[in-house]
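Residue numbering for the sequence shown follows full-length UniProt numbering, beginning at 1 and increasing consecutively.
Cβ coordinates follow ideal geometry from the N, Cα and C atoms, glycine included.
A short write-up of the structure that comes next.
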Amino acid sequence: MKVIKNENLPDKAACAGSLKNVLDALYVLNGKWKLALILSLVQSSKRFNGIQQELTGISAKVLAKELKDLELNDFIKRNVYPTTPVSIIYEATEYSRTLKNVLGELSAWGEQHREKVKQSMRKQS
C-alpha cells in the first residue's frame, strides 16, 4: 500500500469543499448496482433483459428503479423504438463517460483491497 509522506494537507475550507463534492457524487452513484449498470452500458447498448442477464442477482424491480435514477441524472439514455412489440434499448451517455478515470481508479483500488484482504486471511490461517 502506498503511504504518502510530507504532503501538504488541505486547509479546513478546501477539505470541507472536497467532502461536499464527494458526498454529492456518492448521493448520485449510491447503491450496489449503479456503477455496474454504467459500466455495462458503456461497453454496449442493451435491452432490459440483456442488462438483467449480465448483472446476475439484480431483480427486475431494482433494475427498473436504478435505470430510472440513472436516466434522471443523465448517465443513460432510454431509446424507445416503435416496433411490435415496442423495443427499448438503454445506452450510456457522454456524461457517463466522464466517470472513466474515476472507475479506473476505483477498479485499481478494489484490486489492491482484494489483495490486502487475501494477505490478511493467509496470515490468520
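Asked, Found
"Proximal residues to leucine 103 (C-beta, below 8 angstroms), its chain only, five neighbours per side dropped", "Leu35, Ile38, Leu39"
"Status (buried if at least 16 other CB within 10 Å, exposed otherwise) for glutamate 66", "buried"
"Within the UniProt domain \"HTH hxlR-type\" (15-118), ranges of the beta strand (DSSP E) (whole runs, at least 3 residues)", "76-81, 87-92"
"Assigned exposure category for tryptophan 33 - 16 Cβ within 10 Å defines buried", "buried"
"Glutamine 120 versus alanine 108: straight-line alpha-carbon distance, rounded", "Before going further, note that residue 120 is serine rather than glutamine in the sequence given. Spanning the two alpha carbons is a distance of roughly 19 angstroms."
"Helix, strand or coil at arginine 122 according to DSSP, with G and I counted as helix", "helix"
"Close-in-space but distant-in-sequence residues of the same chain around valine 42 (CB under 7 angstroms, 5 per side omitted)", "Ala92, Ser96, Arg97"
"Isoleucine 51 versus Ile89, Pro82, Leu23, residue with shortest Cα-Cα distance", "Ile89"
"Counted within 10 angstroms of its Cβ, other Cβ atoms place leucine 19 as buried (16 or more) or exposed", "exposed"
"Spatial distance of methionine 1 from serine 125 (CA atoms)", "Note that methionine 1 scores a pLDDT of 48, beneath 50, so its modelled location is shaky; the value from the coordinates is reported in the next line. Approximately 22 angstroms between the Cα atoms of the pair."
"Straight-line Cα distance separating proline 82 from valine 22", "40 angstroms"
"Rounded C-alpha distance that separates aspartate 24 from lysine 116", "29 angstroms"
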